[in-house]
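Engineer:
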Amino acid sequence: MFQKLEDVEKRYEELNTKISDPEIISNQNEWKKLMKEHAEITDIVEKYREYKKVKQNLEEAKAMLDDKELRELAEMEMEEAKEKLPKIEEELKILLIPKDPNDDKNVICEIRGGAGGEEAALFAGTLFRMYSMYAESKHWKIDIMNENETELGGYKEITFMITGKGAYSRLKFESGVHRVQRVPDTESSGRIHTSTATVAVLAEAEDIELEISPADIKMDVYRASGAGGQHVNKTSSAVRLTHIPTGIVAECQTERSQLQNREYAMRLLKSRLYEIEQREKEEKLAKERKSQVGTGDRSEKIRTYNYPQGRITDHRIGLSIYQMENFLNGDLDEMIDSLIATDRAEKLKGEE
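Position 256 of the sequence shown, counting from 1, maps to 302 under our numbering, and the rest follow consecutively.
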């Protein structure tokens, strides 16, 4: 571990020199890339230097033990250093876990009603409200990119962007099938129904990571429509982009301007293609141990919301929370922190 830390510190010094080089500064793409790497290892280097300082204090305190006048002070300093060192070592182990390069990115979130008809669409709406309130609590910004609303106020599907530092790091484990067990408003006999909605969380792809040839994109424009197919826009401002090589489609109809809708659809398309590219890379790294938590196979049932019991259970980590109202009002931190902690523990085990 310490050889690795020495290498990271050496790289940090190299980067300090490079990011101050006028020639590199003039190449903005290269400079941004190096600045990003510098920022990613700064915490590790600072913590390692703190470790070396405490280690040095320990050695100096040991050297003072023979001095009768300084013995008591030396013993106190040794005790303090011995207490600090294991804590710092543990923090260094965590910092050395390879960081997900997408963690600081904005996210594009897609929610689709699954099994359960109108009730599934209403549940999709409940999930959208939950994530909107969570984003608000973090001071993140939400922009709806595309929506297909039902007459009862649910969503067959809704796509939205969440902009804010660390959005992906907090939301990446939300991808998968969410199941709800409740008595629907549409049910007169009071029977509990089980419905599902699918959530996909995509990291927003940056231009420097993914380039798409304009020749590979087919664009269609059409009129935006509201619930039940009722037209809400008399001009063809809605945009559908199709990536010809893969057949992947991205749509946006929420903005009045066709240009704005095209920009949003392009961001969505790039993020979908970026996700496929990332998954392919992960599959190729066969030797790398995969986290048990994962970042969400869309077909995997990850969580159940049981209204009669007021219980939310995450099946990947076996955690149940009995705070349904708070949870649906965006109080997700306990669940998200537990998912992150489990993922970190699995990665630490893999590193060892």
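We treat Cβ as the ideally placed atom computed from N, Cα and C, and that holds for glycine. What you are looking at is a predicted structure, and each value in this text was computed from that prediction instead of being measured.
#1: Note down the Cα distance separating E252 from Y214, rounded to an integer number of angstroms.
#2: Whole angstroms are fine: how far does the CA of A270 sit from the CA of T242?
#3: Hey, could you find the ends of the alpha helix (DSSP H) Q369 is sitting in?
#4: From what residue to what residue does the beta strand (DSSP E) around F174 run?
#5: For Q355, is the classification buried or exposed, using 16 other Cβ atoms within 10 angstroms of its Cβ as the cut-off for buried?
#6: Residues in the same chain with beta-carbon distance under 7 Å from L198, minus the five sequence neighbours each way, listed in chain order, please.
#7: Do you know how far the Cα of L385 is from the Cα of F219?
#8: Should T209 and D189 be called a contact, given that it needs their Cβ atoms to be closer than 9 Å?
#9: Consult DSSP for V278 and reduce its assignment to one of helix, strand or coil.
#10: Which residue or residues does DSSP assign as beta-bridge partners of F206?
#11: Report the partner residues of G222 according to the DSSP bridge assignment.
#12: Just how far apart, CA to CA, sit M207 and R313?
#13: Would you kindly report the start and end of the unbroken beta strand (DSSP E) that includes L141?
#14: Are Y368 and V226 closer than 9 Å when you measure CB to CB?
#15: Any idea what DSSP makes of E76, helix, strand or coil?
#16: Tell me, please, which residues DSSP counts as bridged to L365.
#17: Please state the DSSP three-state secondary structure of L394.
Structural biologist: So, from the listed chains and residues:
#1: 14 Å
#2: 27 Å
#3: Taken as a continuous stretch (DSSP letters only), Q369 belongs to no alpha helix (DSSP H), as it is neither H nor E.
#4: Run containing F174: none in the beta strand (DSSP E); it sits in the alpha helix (DSSP H), 163-183.
#5: exposed
#6: E164, L168
#7: 7 Å
#8: yes
#9: Per-residue confidence for V278 stands at a pLDDT of 49, beneath the threshold of 50, marking its modelled position as unreliable; no derived number is given.
#10: C155, I190
#11: V245
#12: 10 Å
#13: Note, L141: premise wrong, no beta strand (DSSP E); alpha helix (DSSP H) at 117-142.
#14: no
#15: helix
#16: D360
#17: helix
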